[in-house]
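Here is the structure we will look at, set down as structure tokens.
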Amino acid sequence: MEILNGNEPASIEKALAILKGGDIVAFPTETVYGLGADALNPYAVAKIFEVKKRPKFDPLIVHIGDREWLSDFAGHVPAEVIRLTERFWPGPLTVILPKRSIIPDIVTAGLTTVGIRMPSHPVALNLIKALQKPIAAPSANPFGYMSPTKAGHVAKMLKDRLSLVLDGGDSVFGIESTIISCRDGRVHIHRHGAITVEELEEVVGKVSEKREDGTCESPGELPFHYAPSKPLKIITSMDEIRNRSASLLAFREPPGEPGVKHVRVLSPDGNLRVAAANFFSYLIELDSHDVDVIYAEKIPEQGIGKAMMERLRKASKKYHPEAGI
Ligand code: TXA
Ligand code: MG
750 MEILNGNEPA SIEKALAILK GGDIVAFPTE TVYGLGADAL NPYAVAKIFE
800 VKKRPKFDPL IVHIGDREWL SDFAGHVPAE VIRLTERFWP GPLTVILPKR
850 SIIPDIVTAG LTTVGIRMPS HPVALNLIKA LQKPIAAPSA NPFGYMSPTK
900 AGHVAKMLKD RLSLVLDGGD SVFGIESTII SCRDGRVHIH RHGAITVEEL
950 EEVVGKVSEK REDGTCESPG ELPFHYAPSK PLKIITSMDE IRNRSASLLA
1000 FREPPGEPGV KHVRVLSPDG NLRVAAANFF SYLIELDSHD VDVIYAEKIP
1050 EQGIGKAMME RLRKASKKYH PEAGI
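Residue numbers (the working numbering): 750 to 1074.
Encoded structure:
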């Protein structure tokens, strides 16, 4: 596997040749790194599922190069969604809309809807515009694992399973896009992400975070998503640390010595955006140590903190009772 500087035109050319040849490349976005294929080529898209070992029922996000492309791939676009895309595109917002038949069924796992976003990372945009077609891309991690925010993460996680990673530096948001849909004028959140509830509500008023039947989430968002390989336990105080052979993901600077093997502090002064940018990178690092358990300090559930807690809760569901945590 090769890692090339995505800012060099020659690297984009190389990635483009791979995509045109029906193969896949990893590329940077402002949220996390993506594993991309020509969204209109079902054989190329099938390779994404193979490489990630991703179940076929989990639909992919389609990344477009310009707002104008939206109507080529989606049917009716509600006024609320238009306002949101005007405010947040290019950027970390994915909108779920009725799909046009030009999008192959494998991309949307047979659903009648498609998730679309226009990323803001210049390397991602350059690649999509050079292809002149949308790129279907999930996060570039093995299914169920944490999302990569550096080219080096992708190289480690997917090693010999693909030939090229475009390096565009660290992902600035560090958390995946927010996924929304709109029905009867009401915006629903399917996945909390880099655009906060507060930001959405400034544009469209009150949004709903869960459907009454609790099934608002996206089909691929399984209860144990985003999990490290070690058991993870969320704690509110250092007194809850039972096992000292542990890694600790602290939100702020801990008041005293936590007494565990490895500690990472997401943001010493408690800045949520800074914490999000470090979130997956620190968790991936803490997971690489030889410890029994990862303790994660609870993060305030405001702003992008909601997205981090959504991911920590899912990670903690993969509880291993033998760890004595
Ligand atoms: O920030 C991001 O969104 C990153 C970058 C690469 O763009 N991508 C990403 O993709 O996080 P992925 O595949 O890891 O997560 C996409 C989520 C999945 O949980 C999937 O179920 C949901 O989006 N999704 C995609 N299409 C959908 C649809 N039509 N309806 C409901 N959920 C959908
Ligand atoms: Mg993912």
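Just so it is clear, CB atoms sit at the ideal spot from N, CA and C, and this is done for glycine as well. From a predicted model like this one, the values you see are computed outputs, not experimental measurements.
Identity of the residues DSSP links to residue i by a beta bridge
{"i": "G785", "result": "V774"}
{"i": "A823", "result": "K848"}
{"i": "S1037", "result": "BP columns for S1037 are empty, so no partner."}
{"i": "D916", "result": "N754"}
{"i": "E1046", "result": "I984"}
{"i": "V1012", "result": "L997"}
{"i": "I938", "result": "I929"}
{"i": "L842", "result": "T927"}
{"i": "G954", "result": "None, per the DSSP bridge assignment."}
{"i": "H902", "result": "Answer is none; H902 lacks a bridge partner."}
{"i": "S888", "result": "G783"}
{"i": "I1093", "result": "Nothing can be reported for residue 1093, as the shown portion of the chain is limited to 750 through 1074."}
Cβ distance (whole Å) where residue i is taken to contact residue j below 8 Å
{"i": "I813", "j": "V844", "result": "Contact flag wrong, Cβ pair sits at about 11 Å."}
{"i": "D787", "j": "K878", "result": "In fact, because the Cβ distance is near 14 Å, the residues do not count as touching under 8 Å."}
{"i": "G923", "j": "S1065", "result": "Contact doesn't hold; Cβ gap of about 19 Å is too wide."}
{"i": "L833", "j": "V953", "result": "6 Å"}
{"i": "L911", "j": "M750", "result": "6 Å"}
{"i": "A858", "j": "K905", "result": "Not really, about 28 Å apart at Cβ, beyond 8 Å."}
{"i": "V826", "j": "A885", "result": "Not quite, the Cβ-Cβ distance comes to about 19 Å (not below 8 Å), so this is no contact."}
{"i": "C931", "j": "E1034", "result": "Not quite, the Cβ-Cβ distance comes to about 38 Å (not below 8 Å), so this is no contact."}
Close beta carbons around residue i, own chain, < 7 Å, minus the five adjacent residues each side
{"i": "T862", "result": "I845, L846, P847, K848"}
{"i": "R702", "result": "The question about residue 702 has no answer, for the chain in this structure spans 750 to 1074."}
{"i": "I752", "result": "A900, A904, V914, D916"}
Spatial distance of residue i from residue j (CA atoms)
{"i": "A1056", "j": "G840", "result": "16 Å"}
{"i": "E779", "j": "G785", "result": "15 Å"}
{"i": "M987", "j": "N1027", "result": "21 Å"}
{"i": "K908", "j": "E925", "result": "22 Å"}
{"i": "H939", "j": "W818", "result": "23 Å"}
{"i": "A823", "j": "S888", "result": "22 Å"}
{"i": "K763", "j": "S896", "result": "24 Å"}
{"i": "V1023", "j": "R1013", "result": "13 Å"}
{"i": "K979", "j": "F798", "result": "24 Å"}
{"i": "T898", "j": "V956", "result": "28 Å"}
{"i": "A795", "j": "I855", "result": "7 Å"}
{"i": "P1017", "j": "F1000", "result": "7 Å"}
{"i": "P968", "j": "P808", "result": "7 Å"}
{"i": "D933", "j": "I851", "result": "26 Å"}
{"i": "T985", "j": "P1049", "result": "10 Å"}
{"i": "D815", "j": "G918", "result": "23 Å"}
{"i": "I990", "j": "Y1044", "result": "7 Å"}
{"i": "N790", "j": "P1003", "result": "50 Å"}
{"i": "A759", "j": "Q1051", "result": "42 Å"}
{"i": "D746", "j": "P777", "result": "Residue 746 lies beyond the range of the chain shown here (750 to 1074); nothing can be said about it."}
{"i": "E951", "j": "V921", "result": "23 Å"}
{"i": "I1053", "j": "V774", "result": "28 Å"}
{"i": "A1080", "j": "F837", "result": "This structure leaves residue 1080 out entirely; the chain is present only between 750 and 1074."}
{"i": "S1037", "j": "I831", "result": "42 Å"}
{"i": "N1020", "j": "I767", "result": "40 Å"}
{"i": "F959", "j": "G1005", "result": "The sequence shown places Lys at residue 959, rather than the Phe named in the question. Each residue's alpha carbon lies about 38 Å from the other."}
{"i": "L981", "j": "I929", "result": "28 Å"}
{"i": "M867", "j": "Y894", "result": "24 Å"}
{"i": "L860", "j": "K769", "result": "26 Å"}
{"i": "L1032", "j": "E835", "result": "33 Å"}
6 Å CB neighbourhood of residue i in its chain, flanking five on each side removed
{"i": "R1060", "result": "Y975"}
{"i": "L1015", "result": "F1000, A1024, N1027"}
{"i": "F892", "result": "K801, K802, R803"}
{"i": "P1007", "result": "M987, L997"}
{"i": "V1040", "result": "S994, A995, S996, K1010"}
{"i": "P853", "result": "P791"}
{"i": "S869", "result": "E779, P839, G840"}
{"i": "Y782", "result": "A775, A889, P897, V903"}
{"i": "K1047", "result": "I983, T985"}
{"i": "E757", "result": "none"}
Close Cβ partners of residue i (< 8 Å) along its chain, the five nearest in sequence each way excluded
{"i": "Y792", "result": "G771"}
{"i": "I761", "result": "G755, V872, N875, L876, A879, L915"}
{"i": "R1062", "result": "I983"}
{"i": "A765", "result": "In the sequence as presented, Ala is not what sits at residue 765; that position holds Leu. The residues are L876, A879, L880."}
{"i": "T927", "result": "P841, L842, T843, I938, R940, H941, G942, A943, I944, T945, L949, A1056"}
- request: Let me have the residue list for ligand 2: C-beta closer than 6 Å to any non-hydrogen atom, ordered along the chain.
  value: P887, S888, S896
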